[in-house]
Structures are given as C-alpha cells and as structure tokens.
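Visitor:
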Amino acid sequence: MTLHRTKHALSFFKPFHSQNSLFHLFIFLISLSIGFVVALYLRDFSTTIQASVFSAFPSLVSSTPSLSLPPHENIILPILASSSEPPRPPRPLLSESIPPQTLSPLLPPIAPLPSLPNGDIVSLSPSSQPVSSPPQQPLQATLSPQPISLQPPPPPPIESAMVVSMKEQIPMMHNESDEDLVRRVMNTLAMNTTIAPYKVAFMFLTPGPMPLLPLWELFFKGHKGLFSIYIHPHPDYNDTVPQDSVFYDTRIRSQLPNVTSGWVLLPIRVGSLNTTNPEESVVVFLLVADEPDALLRPLAYPQRKPVYWGDISMVDAERRLLANALLDPLNQRFVLLSDSCIPLFNFTTTYNYLVNSKQSYISSFDDKRKSGRGRYNPQMSPNITIQDWRKGSQWFEVNRDLAFKIVVEQKYYSSFKEFCHPPCYNDEHYLPTMVNILYGEMNSNRTVTHVDWSIVGPHPRKFVQREITEELLNSIRFGSMECVYNNNTTPMCLLFARKFAPDTLNPLLTFAPLLFGFNP
1 MTLHRTKHAL SFFKPFHSQN SLFHLFIFLI SLSIGFVVAL YLRDFSTTIQ
51 ASVFSAFPSL VSSTPSLSLP PHENIILPIL ASSSEPPRPP RPLLSESIPP
101 QTLSPLLPPI APLPSLPNGD IVSLSPSSQP VSSPPQQPLQ ATLSPQPISL
151 QPPPPPPIES AMVVSMKEQI PMMHNESDED LVRRVMNTLA MNTTIAPYKV
201 AFMFLTPGPM PLLPLWELFF KGHKGLFSIY IHPHPDYNDT VPQDSVFYDT
251 RIRSQLPNVT SGWVLLPIRV GSLNTTNPEE SVVVFLLVAD EPDALLRPLA
301 YPQRKPVYWG DISMVDAERR LLANALLDPL NQRFVLLSDS CIPLFNFTTT
351 YNYLVNSKQS YISSFDDKRK SGRGRYNPQM SPNITIQDWR KGSQWFEVNR
401 DLAFKIVVEQ KYYSSFKEFC HPPCYNDEHY LPTMVNILYG EMNSNRTVTH
451 VDWSIVGPHP RKFVQREITE ELLNSIRFGS MECVYNNNTT PMCLLFARKF
501 APDTLNPLLT FAPLLFGFNP
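This is the structure we're talking about:
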C-alpha cells in the first residue's frame with residue numbers, strides 16, 4: 001500500500017518537473033539573446049567613440065610617443081569606423097595635403113660654398129678638385145674676388161608645413177629651476193620632429209645690450225623657421241627690442257635661487273582692466289606663506305643670479321641656454337655666441353655647414369703651460385686626473401645629442417663647482433675636460449668662432465672701427481689654417497668671430513655684401 005502511494009506521488013509531480021525544465025531553458029535562451037545583442041551594441045558604441053575622439057582631436061594621435069622614424073616617413077594610425085556607418089576615406093598624408101611646390105624638404109639645398117682668393121670654390125665634398133667659380137656680378141662697393149656667392153639660393157618655404165614650434169607654445173620668461181627645465185627637456189625626446197626642417201639655435205650670452213644687432217638682423221633676414229634665438233643677459237638689464245625684430249621676446253631668465261623654506265614664489269600677471277593684450281601687462285611675483293609658521297621666519301627676497309667671468313655661474317648660464325633651446329624639438333644644432341660676435345658668412349652657408357656636420361665643435365686641447373695644466377686642482381682626482389685636464393675656448397657649437405648630455409651631466413660639474421676657482425676658470429675647462437673624458441668621439445676638438453689671442457693678457461684682442469677692412473675679414477675667413485670637416489680637409493674652418501667693438505657696426509654694414517652676398 002505504501003509503495004503504491006509513493007509511485008502515485010511521483011507520477012503526480014512528473015508533469016510539474018517537465019514544465020519547470022522547459023521554463024528554465026526558455027529563460028536561458030532569452031538571456032543569451034539579450035547578452036549577444038548587448039555585446040554587439042557595446043562593441044559598436046566603443047568603436048564609434050574611439051573614431052570620434054581621433055577625428056575630433058587629431059593632436060592626441062600626434063602627441064603620442066612613438067618610435068623615431070627616418071626623415072620624411074609618416075606615421076599612419078588606423079581610425080576605426082562604426083559598423084553602422086559607411087567606411088571613412090583615409091586621411092591624406094601631409095605630402096598629399098600640401099602642394100608639392102610648397103612642401104619643404106628636411107634640409108635645404110647646399111648653398112654655394114665660399115671661394116678662395118684665387119677664384120676657386122672651397123669643396124667640402126670628397127672630391128678635392130677645385131670647381132671653377134661662376135662669373136660674379138659686380139658689387140656697388142669695390143671688393144676683391146668674392147669669397148661667397150652673391151646670390152645664395154632662397155631658403156625653402158616652411159610656413160606651409162603648419163608646424164608650431166615649442167618656442168611659440170612656452171614663454172621664454174618662465175621661472176622654472178634648472179631641474180624643472182631638465183625634466184621638460186626629457187619630455188621632448190619622444191616628440192616626432194620629421195615634419196619640418198631642422199633649426200639652428202643661436203644662443204647669445206651677453207651682459208646687456210647687443211650693439212651689433214642690426215648686422216645679425218641682416219644675417220637672419222629671409223630665413224624664418226630655420227633658426228631660433230635665445231638671449232641670456234644680465235638680470236638687471238632692461239632691453240627694448242622692437243616687436244618686428246627677430247630678437248623680440250627671445251630673452252630667458254637666469255635661475256631663481258631657492259626662497260626661504262615655507263614660502264612660495266607665485267607669479268601673477270598684472271595689467272590694465274580694459275585690455276587683454278599680454279604685451280600691455282607685466283608679471284609680478286608674490287611671496288606666499290605655505291606653512292603656518294612661515295611668517296615668523298626671516299624672509300629671503302629672491303634675486304636673479306648674475307653671471308661672473310670665470311665663475312661656475314658662467315657654466316650655469318650656458319647650460320640654461322641649452323636647456324631652453326632643447327625645449328624646441330626642431331632645434332638640432334646649438335651655437336653659443338656673445339654680444340661682440342659677428343657672422344663670417346651668409347645664413348645659408350652657415351646653416352648647411354652646421355646641419356650637415358657629423359661632429360660638434362668644442363675647443364679642447366692639452367695645454368701643458370701654467371695657463372693650462374697649471375690650473376688643475378689635485379683635489380679633483382680621481383674623477384679628473386691631470387691627464388684628463390683640457391682647456392679650450394668658451395664659444396662652442398654642438399648637436400642635439402651632445403647638448404642634452406651637457407645639460408644632464410652632474411658628476412664632473414660637481415667637481416668643477418667645488419674645486420675650480422680662479423686662477424681656474426670653469427668656462428675654459430669644464431666642457432673641454434668633460435667632453436674629452438665622456439664623448440671625445442663626438443667632438444672635433446676645434447671651435448668655429450675666431451678669437452685673436454695675439455696680445456698678452458687675460459682677454460683676447462678687441463677689433464675697433466679703424467681696423468675693419470676687407471683684408472682683415474678675408475684673413476679671418478680664409479686664413480692659413482686648414483681643418484677637417486666630415487673627414488675632408490678644408491680651409492673653411494670658422495663661421496663666427498669676436499671681439500668686435502660697438503663702433504665697428506657701420507663698417508661691418510658696409511662690408512655686408514662681402515659677408516652675406518647682398519646689399520644692406
């Protein structure tokens with residue numbers, strides 16, 4: 001009887017069990033369908049958002065760090081499209097979007113090189129055979145056979161490349177420390193700079209005004225986009241440069257010393273309430289207490305660091321100029337000049353000489369005299385030995401790789417800062433010694449700036465107005481010295497010269513056709 005009731009109960013619940021299984025199967029199929037539909041929707045939504053972001057903000061693509069490519073290779077990132085939209089046409093490359101006649105090459109054509117007094121053209125190519133000089137047009141002034149071509153080819157147009165220099169994005173008159181500058185320089189290493197011609201950074205270290213500025217204006221005229229200018233003057237000097245000058249807004253600040261602990265230097269722009277022009281306003285600095293007891297401490301007012309001759313502050317100024325110039329990723333060559341320097345050739349010749357060079361130009365030699373090895377401090381050992389000690393001219397020219405290494409170097413800089421004091425002069429020994437120890441293969445061990453040490457004394461000869469003649473300029477440009485350029489011997493070894501007094505400006509402008517190949 002009991003067994004019969006059990007079988008009857010099982011047979012009673014059997015239909016309910018079958019119905020329950022069908023119900024769960026039905027729910028499972030519906031859930032699976034919903035999940036599949038949602039997955040498709042999310043995939044399309046994510047793809048659409050990605051395509052929209054890339055198309056709306058193309059700068060995100062260009063700012064992404066990427067592997068460096070050879071010049072003129074384009075980085076093409078695929079842009080995904082939604083499955084519900086027709087495929088978008090590919091974005092044109094830069095070379096397709098700019099007419100061929102306006103697209104500028106990475107390097108301009110090599111300019112005609114200077115000719116020797118006998119009429120032959122100096123060759124920097126492997127061939128050592130002189131090339132006959134083309135007939136020259138007579139100048140208005142009476143000059144000897146011209147050492148340079150009178151009609152250098154125009155520089156390549158670069159405005160159409162639509163490249164905004166970092167110099168235009170970052171104001172020169174910032175107040176960042178040297179450490180902050182180095183960090184920003186590190187960020188430029190990932191930037192792609194293959195879409196515009198390289199630039200040469202001209203860095204002027206000057207105590208104040210630049211009396212030869214009109215001559216430099218002629219030198220740079222017509223070559224916009226192929227150069228950058230940076231000026232490090234004395235902190236107390238107030239310059240007045242016209243806004244239409246290439247030297248306008250090129251001044252950098254010397255580093256601010258640390259303010260007393262507990263205080264923060266806060267820059268604030270102050271101007272007229274009825275103007276939005278930043279040129280009509282000024283930047284002032286407020287010392288703000290960032291700690292409760294800062295008001296009870298003595299207040300140290302910040303002062304700019306002046307530069308002293310022979311002092312480590314001279315090296316600091318040079319490194320700060322390099323750091324500021326390195327912020328522009330298009331700057332590939334870096335020249336240190338003074339307010340008394342002049343160019344010896346036109347811009348095109350100078351540009352090609354530097355940009356096409358395989359080495360840097362830092363004067364470095366072993367001077368066994370008292371004015372050389374006699375300045376060595378034995379306390380620098382073992383970091384720097386007497387055999388490592390080098391001397392050289394302060395005025396250098398380096399490529400971007402070596403410029404970066406100079407800015408970040410600390411080991412030998414610390415030794416010089418601690419142990420090199422007069423009669424040891426940092427600006428004559430630090431770079432020649434450090435580069436000789438670490439990067440000798442990158443350096444030519446010569447300078448491209450002429451300095452006359454024929455007089456006895458701590459300073460070189462200064463040229464004055466009555467000395468400026470055609471013979472003097474040609475003797476500097478093509479003296480008896482020969483040098484090696486890209487593994488070839490050449491008499492063209494110098495690009496700049498110093499020291500020229502302010503009263504030499506007028507005769508130098510008179511000889512501008514000799515120097516630059518055109519009338520002022």
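Letter by letter, the sequence shown follows residues 1 to 520 in full-length UniProt numbering. Each residue gets a CB set at the ideal place from its N, CA and C atoms; glycine is no exception. All values reported here derive from a predicted model rather than from experimental measurement.
The alpha helix (DSSP H) that contains Glu471, what's its start and end?
Guide: Glu470 to Arg477
Visitor: Classify residue 528 as helix, strand or coil using the three-state DSSP reduction.
Guide: Here the chain covers residues 1 to 520 and nothing more, so residue 528 does not appear.
Visitor: Pull up the distance between the alpha-carbon of Tyr198 and that of Gly225, whole angstroms please.
Guide: Near 9 Å, if we compare the C-alpha coordinates of Gly225 and Tyr198.
Visitor: Can you give me the start and stop residues for the beta strand (DSSP E) that Lys199 sits inside?
Guide: Taken as a continuous stretch (DSSP letters only), the beta strand (DSSP E) holding Lys199 covers Lys199 to Leu205.
Visitor: Pull the bridge partners of Ala497 from the DSSP assignment, please.
Guide: Ile342 and His450
Visitor: Starting from Ile455 and walking both ways along the alpha helix (DSSP H), at which residues does that stretch end?
Guide: Where Ile455 is concerned, there is no enclosing alpha helix (DSSP H), given that its DSSP letter is neither H nor E.
Visitor: Would DSSP call Val435 helix, strand or coil?
Guide: helix
Visitor: Hey, could you find the ends of the alpha helix (DSSP H) Ser363 is sitting in?
Guide: That residue, Ser363, is in no alpha helix (DSSP H); it is neither H nor E in DSSP.
Visitor: Give the DSSP-derived three-state secondary structure of His223 in the structure shown.
Guide: coil
Visitor: Report the rounded CA-to-CA distance for Phe416 versus Arg375, giving the unit in angstroms.
Guide: 12 Å
Visitor: Per DSSP, Glu397 forms a beta bridge with which residues?
Guide: Val335 and Tyr361
Visitor: Which same chain residues, not among the five before or five after Lys462, have their C-beta less than 6 Å away from its C-beta?
Guide: Lys499 and Ala501
Visitor: In three-state terms, what does DSSP make of Tyr351?
Guide: helix
Visitor: With 16 as the cutoff for other CB atoms within 10 Å, does Pro422 come out buried or exposed?
Guide: exposed
Visitor: May I ask you to list the residues that DSSP assigns as paired with Asn488?
Guide: Tyr485
Visitor: Please confirm whether Val315 and Asn426 have their CB atoms less than 8 Å apart.
Guide: yes
Visitor: Please classify Tyr413: does DSSP put it in a helix, a strand, or coil?
Guide: Helix.
Visitor: For the structure I just gave you, are there three or more beta carbon pairs, one from the segment 333 to 353 and one from the segment 384 to 392, closer than 8 Å?
Guide: no
Visitor: Is the beta carbon of Met210 closer than 8 Å to that of Phe204?
Guide: In contact: Phe204 and Met210 (Cβ atoms closer than 8 Å).
Visitor: Would you kindly work out how many angstroms separate the C-alpha atoms of Leu473 and Val241, rounded to a whole number?
Guide: 28 Å
Visitor: Report the CB separation of Leu322 from Ile406 in whole angstroms; it is logged as a contact under 8 Å.
Guide: 6 Å
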